[in-house]
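Student: Pasting a structure below so you can have a look.
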Amino acid sequence: MDQFTLNLLVVGATFVLYIGIAIWARAGTTSEFYAAGRGVHPVLNGMATGADWMSAASFISMAGILAFGGFNTSAYLMGWTGGFVLLAMLLAPYLRKFGKFTVPEFIGDRFYSQTARTVAVICLIVASVTYVIGQMTGVGVAFSRFLEVENSTGLFIGAGVVFMYAVLGGMKGITYTQVAQYVVLIVAYTIPAVFISLELTGNPIPGLGLFSDSVATGQPILTELNGLLADLGFASYTEQSDTMLNMFLFTMSLMIGTAGLPHVIVRFFTVPKVSDARTSAGWALVFIALLYLTAPAVGAMARLNLINTFYPEGTQSQPVTVEALETAPNLDWVRNWAQTGLLQFNDKNGDGAIQYLPGNFADAASPNELSVNNDIIVLANPEIANLPGWVIALIAAGGLAAALSTAAGLLMAISSAVSHDLIKGQINPAISEKGELLSARIAMAVAIAVATWLGLNPPGFAAQTVALAFGLAAASIFPALMMGIFSKRVNNKGAVAGMLSGLIVTLVYIFLHKGWFFMTGTNSFTDDDPLLLSIKSTSFGAIGALINFAVAYAVSSATDEPPAEIQELVESIRVPKGAGGAIDH
Amino acid sequence: MIDRTSSNAYWKANIRIIQISLVVWFLCSFGFGILLRPLLSGINVGGTDLGFWFAQQGAVLVFIVLIFVYARKMNKLDREHGVEE
C-alpha cells in the first residue's frame with residue numbers, strides 16, 4: 155500500500171469516528187449545548203481539556219521551537235502548563251459553583267454591569283478569533299502535505315467535520331470528540347518520539363532519554379549537542395541568552411494568559427461538582443504533560459539528528475555533499491521536505507557541500523546554506539527515524555486532531571458569547587429555550603464560516619496573534635475573574651476601569667512593537683530593542699494584568715462598595731455546597 | 846443559607862492552602878527554572894544543571910502534584926466545614 159492510501163485510510167477512519175460521535179452526542183437543551191449537561195466525568199473532561207488546549211502550535215510547532223531556541227524557550231513549557239495550577243486554585247472551582255454558561259456572564263453578574271460583560275465579550279471574541287486562524291491554516295497545511303489536496307479543499311473538509319459535531323452537539327459533541335482526538339494526537343506524538351529516543355539513548359521514555367547518555371558516544375546527549383553546536387558557532391542549547399527579566403515576564407504572561415483563555419475555562423463548567431473541577435484540572439495537566447514532557451526530548455534529539463545528518467563525519471570534517479542530498483536513499487526525507495519549501499538548501503559558495511551554520515539563510519552573504527522550518531521537527535520525525543508508513547499517517551491524523559479540537563473549543567466559546575451574552579443577555583432577554591438553542595447553532599455555523607474564510611485568507615499578522623490572544627486574556631480576563639472571586643470590595647466601576655486600562659496599555663505596547671493593527675512599517679520599536687528595558691511585546695501581558703489589578707483596586711476603594719446581594723453572591727461561590735442542582739444527566 | 850462564621854474560617858483555610866501552594870509553584874518554575882538557576886548551576890543532571898531540568902521537566906511534574914494535593918486538601922476541608930456537595 156502506498157503512503158498516500160495509508161494517510162487517506164487513517165485520517166478517514168478518525169473522521170468517521172468523529173462524525174459517529176457527533177450523531178451519538180446530539181444536544182437537546184441549552185445546558186447540553188453550552189455545558190454538555192454538566193455530566194462529564196472529571197478524567198474525561200481532563201482529556202478533552204488536553205485536546206482543547208493543545209493546538210496545532212503545541213503539536214506541530216513546539217518541539218521545533220524548543221529545538222532551535224534551546225533553554226530560553228522553556229518559557230513555553232512552564233507557561234503553558236503552570237496556568238493550570240492557577241486555574242485549579244483561583245478560578246475553575248468557583249466559576250463551576252457559579253453555575254452559569256459563559257465567562258462574560260460571570261463578569262457581567264459579579265460586577266453588575268452590562269459594560270463589563272460587553273468588554274469581556276469583545277476580549278473573548280478577539281482572542282478566540284485570532285487563535286482560531288492558526289488552527290484553520292494548520293488544517294489546510296496538514297491536508298495539503300499528507301493528502302495531496304488543495305489547501306482550500308482540505309480546509310473545507312475540516313470545517314465540514316467540525317460543523318457536523320459542533321452544530322449538532324455543541325459542547326456535548328465537542329467534548330466527546332475531543333476525548334477521541336486526544337487519544338489520536340497523543341499516540342501519534344509519542345510513537346516516533348519513543349523510537350528516536352531508543353535509537354539515540356537506548357531509553358524508551360523520551361523524557362528520561364533527554365537526560366541520558368548517547369549510545370554512540372557514551373556522553374550525555376545534551377553535552378554532546380552543546381559540543382556540536384559550539385563547534386559550528388551556534389548558541390549553547392542549555393544556556394540562557396534571553397534576559398532574566400524578559401524570560402520571567404514571558405513565562406508569567408503565558409501562565410496567566412492560559413488561565414484566562416475562555417475556551418479553556420468553560421471546559422470546567424461541564425463537570426458535575428466543584429470538587430470535580432479541581433481534580434479535572436489535575437487530570438488535564440497529566441494529559442497535557444504526556445506531550446509536554448516529550449516535546450523537549452523531541453526538540454533536543456531532533457537538533458542532534460539534524461546536525462549529524464548534515465555533518466555525517468563529525469563537525470570537524472566536511473559536511474554532507476549536494477550529491478548525497480540529491481541521491482542518497484537515507485536522505486529521502488530531505489528531498490520530500492525540500493519539495494514543500496519547509497526545508498531549503500543552497501550551495502551558495504559552490505564547494506559541493508552544504509554548510510549548516512548560524513546566520514540568515516535568505517541573506518546571500520551569510521555562510522549558512524540550510525534553512526529548516528520549526529514545523530519539520532515533528533512532521534518529518536517518522537521519516538528521519540525511518541519508521542513505517544502507518545506512523546507517518548498517524549502524524550497526519552494527530553496534527554489534524556490537535557488543530558480541529560482546539561478550533562472547535564474556540565468556536566464554542568465564540569458562539570456561546572454571541573448567543574448567550576449578546577442575544578439572550580442584551581438584545582432579546584425574553585428568548586425561549588428553543589429559540590436560544592437555535593440561535594446558538596446559527597452562531598456556531600456563522601463562526602465556522604468566518605473561521606474558514608479567515609483560514610483561506612489569513613491576515614498578514616497571523617503569526618503575531620499569539621501575543622495578542624495571550625496578552626488580552628492575561629491583561630483583561632484573568633484579573634477580572636480573580637478579583638471577582640477573591641475580593642468583595644472590587645465594584646463595577648473598578649472592574650471596568652481595570653479591564654479597559656489593562657487591555658489598552660497592553661494593546662498599545664503590542665502595536666508599538668508590531669505596528670498599529672499589525673500594519674507593517676507603523677511600529678516605533680522592535681522586540682530586539684523594546685521600549686521598556688528588555689520587555690518584548692509578547693511578554694507584556696503580565697504587566698497589563700498588574701495595571702488591571704492596580705487600577706481596579708484604586709477605583710473601587712474611591713467609590714461605593716458593591717451592593718449586599720453581590721457580596722452575598724461572592725460568599726456563595728466561595729463554598730462548594732449547593733452546586734449539584736445543575737446536573738441533568 | 847450558609848453559616849457566615851464557619852464559611853469565613855473555611856475561606857481563610859482555603860486562602861492559606863492556596864498561598865502555600867503558590868509559593869511552591871513559584872519556587873519550582875520562576876525560582877529554580879529562571880531566577881535561582883545560576884545558584885543551582887553546580888548541581889549536575891544528565892549533562893546539564895538542575896535549573897535546566899526544572900525549567901524543562903521538573904516544574905511540570907511539580908505542577909501536577911500540586912493540583913492533586915490541593916484537590917485532596919480541599920475535599921477534606923469541605924467535609925470539616927460541612928460545605929461539601
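As you go down the protein sequences, you meet chains P and S in turn.
For our numbering, add 154 to where a residue sits in the first sequence, where the first one is 1.
For our numbering, add 845 to where a residue sits in the second sequence, where the first one is 1.
C-beta atoms are modelled at their ideal positions from N, C-alpha and C, and glycine is treated no differently.
#1: So is Leu911/S in contact with chain P if we call contact Cβ pairs under 9 Å?
#2: Gly891/S CB to nearest chain P CB: under 9 Å?
#3: Quick check on the burial criterion: 16 or more other C-beta atoms within 10 angstroms. Buried or exposed for Asp529/P?
#4: What are the residues of the region 869-889 of chain S that lie near chain P, defined by any Cβ-Cβ distance shorter than 8 Å?
#5: Quick one: give me the first and last residue of the alpha helix (DSSP H) that Leu591/P is part of.
#6: Identify which residue in Val724/P, Pro346/P, Ile546/P has its Cα closest to the Cα of Gly453/P.
#7: Could you tell me which uninterrupted alpha helix (DSSP H) segments, each at least 4 residues in length, are contained entirely in the region 680-737 of chain P, listed from first to last along the chain?
#8: Does any CB atom of chain P fall closer than 9 Å to the CB of Glu929/S?
#9: Could you tell me whether the region 448-465 of chain P touches the region 236-252 of chain P, using the rule of 3 or more Cβ pairs below 8 Å?
#10: Residues of chain P with a CB under 9 Å from the CB of Ile865/S: which are they?
#11: Run through DSSP, which three-state label would Val170/P get?
#12: Just list the residues that DSSP pairs Arg374/P with in beta bridges.
#13: Given that a residue counts as buried once 16 or more other Cβ atoms are within 10 Å of its Cβ, and exposed if not, what is Ser655/P?
#14: Is there a C-beta anywhere in chain P that falls below 9 Å from the one on Ala900/S?
#15: DSSP beta-bridge partners for Leu524/P?
#16: Quick one: residues in its chain with C-beta nearer than 6 Å to the C-beta of Arg882/S, no 5 flanking neighbours on either side, listed in chain order?
#17: Would Ala854/S pass as an interface residue toward chain P - the criterion being a Cβ-Cβ separation below 9 Å?
#18: For Ile147/P, count the other beta carbons within 10 Å of its own beta carbon; 16 or more makes it buried, fewer makes it exposed. Which is it?
#19: Quick one: is Pro358/P buried, meaning 16 or more other Cβ sit within 10 Å of its Cβ, or exposed?
#20: Establish whether the CB of Met243/P and some CB of chain S are separated by less than 9 Å.
#21: Is Val890/S helix, strand or coil by DSSP?
#22: Would you verify that the beta carbon of Ala858/S is, or is not, closer than 9 Å to some beta carbon of chain P?
#23: Quick check on Tyr915/S - is its C-beta less than 9 Å from some C-beta in chain P?
#24: Closest Cβ-Cβ distance between Lys731/P and chain S: below 9 Å?
#25: By how many angstroms is the C-alpha of Ser874/S removed from the C-alpha of Leu884/S?
#26: So, using beta-carbon positions, are Ile546/P and Leu160/P closer together than 9 Å?
#27: Taking Leu860/S as the reference, which of Ser559/P, Val662/P, Gly182/P, Met636/P has the closest Cα?
#28: What whole-angstrom Cβ distance do Val905/S and Ala443/P have, given they're in contact under 8 Å?
#29: Would you list the one or two residues that DSSP bridges to Thr475/P?
#30: Among Phe265/P, Thr235/P, Ala217/P, whose alpha-carbon lies nearest the alpha-carbon of Asn646/P?
#31: Please name the residue in Ala334/P, Glu302/P, Phe349/P whose C-alpha comes closest to that of Pro542/P.
#32: If you drop the 5 nearest sequence neighbours on each side, which residues of the same chain put their C-beta closer than 8 Å to that of Val890/S?
#33: What residue range is occupied by the uninterrupted alpha helix (DSSP H) comprising Leu548/P?
#34: Quick check on the burial criterion: 16 or more other C-beta atoms within 10 angstroms. Buried or exposed for Val316/P?
#35: CA-CA distance, Met846/S and Pro633/P?
#36: Compute the distance between the beta-carbons of Leu245/P and Gln902/S, then report whether it is under 9 Å.
Tutor: According to the structure shown:
#1: Position 66 of the second sequence, counting from 1, holds the residue named residue 911/S. Closer than 9 Å: yes.
#2: On the second sequence, position 46 is the one that residue 891/S refers to. Yes - at least one Cβ of chain P is within 9 Å of the one on Gly891/S.
#3: As a working note, residue 529/P is residue 375 in the first sequence. Buried.
#4: Trp870, Ser874, Phe875, Gly878, Ile879, Leu880, Arg882
#5: In the first sequence, the residue the question calls residue 591/P occupies position 437. Residues 587-610.
#6: As a working note, residue 453/P is residue 299 in the first sequence. When C-alpha distances from Gly453/P are compared across Val724/P, Pro346/P, Ile546/P, the shortest belongs to Pro346/P.
#7: Taking 4 residues as the shortest admissible run, the region 680-737 of chain P contains the following complete alpha helix (DSSP H) segments, listed from N- to C-terminal end: 695-712, 718-728.
#8: Translated into positions along the second sequence, residue 929/S becomes position 84. Yes, contact with chain P.
#9: no
#10: Sequence index remark: in the second sequence, residue 865/S carries index 20 (1-based). Here the premise fails: no neighbours, minimum Cβ distance about 11 Å.
#11: Working through the first sequence from its first residue, we reach residue 170/P at position 16. The answer is helix: DSSP assigns Val170/P an H, G or I state.
#12: Your numbering for residue 374/P matches position 220 in the first sequence. The sequence given here has Pro at residue 374/P, not Arg. Asp367/P.
#13: Position 501 of the first sequence holds residue 655/P. Ser655/P should be labelled buried.
#14: Within the second sequence, residue 900/S is the residue found at index 55, counting from 1. A Cβ of chain P is located within less than 9 Å of the beta carbon of Ala900/S.
#15: Counting from 1 along the first sequence, the entry for residue 524/P is found at position 370. Answer is Phe499/P.
#16: Against the second sequence, residue 882/S aligns to sequence position 37. Counting only Cβ-Cβ distances below 6 Å, and skipping sequence neighbours, we find Gly896.
#17: Counted from its first residue, the second sequence places residue 854/S at position 9. No, because no Cβ of chain P sits closer than 9 Å to the Cβ of Ala854/S.
#18: Absent from the model: residue 147/P. The displayed extent of chain P is 155 to 739, so no value can be given.
#19: Position 204 of the first sequence, counted from the start, is the residue given in the question as residue 358/P. In summary, Pro358/P is exposed, with fewer than 16 beta-carbon neighbours lying within 10 Å of its beta-carbon over all protein chains present.
#20: Residue numbering aside, residue 243/P sits at position 89 when the first sequence is read from its first letter. Yes, contact with chain S.
#21: Within the second sequence, the letter at position 45 stands for residue 890/S. In the structure shown, Val890/S sits in a strand (DSSP, three-state: E or B).
#22: In the second sequence, counting from the first residue as 1, residue 858/S sits at position 13. No, Ala858/S lies away from the interface with chain P (no Cβ there is under 9 Å from its Cβ).
#23: Residue 915/S sits at position 70 when you count from the first residue of the second sequence. Chain P places a beta carbon closer than 9 Å to that of Tyr915/S, counting this residue as a contact.
#24: Your numbering for residue 731/P matches position 577 in the first sequence. Judged by the 9 Å Cβ criterion, Lys731/P is in contact with chain S.
#25: As a first step, residue 884/S must be located in the second sequence, where it is residue number 39. As a first step, residue 874/S must be located in the second sequence, where it is residue number 29. So the alpha carbons of these two residues sit roughly 14 Å apart.
#26: One-based indexing of the first sequence puts residue 546/P at position 392. One-based indexing of the first sequence puts residue 160/P at position 6. Less than 9 Å divides the Cβ of Ile546/P from the Cβ of Leu160/P.
#27: Reading the second sequence from its first residue, position 15 is the one you call residue 860/S. A quick correction: the sequence has Ile, not Leu, at residue 860/S. That would be Met636/P, whose Cα lies nearest to the Cα of Ile860/S.
#28: Along the second sequence, read from residue 1 onward, the residue named residue 905/S stands at position 60. Along the first sequence, read from residue 1 onward, the residue named residue 443/P stands at position 289. Correct: roughly 5 Å between the Cβ atoms.
#29: Numbered from its first residue, the first sequence carries residue 475/P at position 321. DSSP, once it has assigned bridges, lists Ala507/P as partnering Thr475/P.
#30: Here the question's residue 646/P lines up with position 492 in the first sequence. Residue Phe265/P is the option with its Cα nearest to Asn646/P.
#31: Working through the first sequence from its first residue, we reach residue 542/P at position 388. The shortest C-alpha separation from Pro542/P is found at Phe349/P.
#32: The sequence position of residue 890/S within the second sequence is 45, counting from 1. The residues are Phe897, Trp898.
#33: Here residue 548/P refers to the residue found at position 394 when the first sequence is read from its first residue. First-last of the alpha helix (DSSP H) with Leu548/P: 543-570.
#34: Indexing the first sequence from 1 puts residue 316/P at position 162. Val316/P should be labelled buried.
#35: For this step, residue 846/S is matched to residue 1 along the second sequence. For this step, residue 633/P is matched to residue 479 along the first sequence. Because the pLDDT at Met846/S is just 47, under 50, the model does not fix this residue reliably, and the point stays unresolved.
#36: Taking the first sequence and counting its residues from 1, the one referred to as residue 245/P is at position 91. Taking the second sequence and counting its residues from 1, the one referred to as residue 902/S is at position 57. Cβ atoms of Leu245/P and Gln902/S: not closer than 9 Å.
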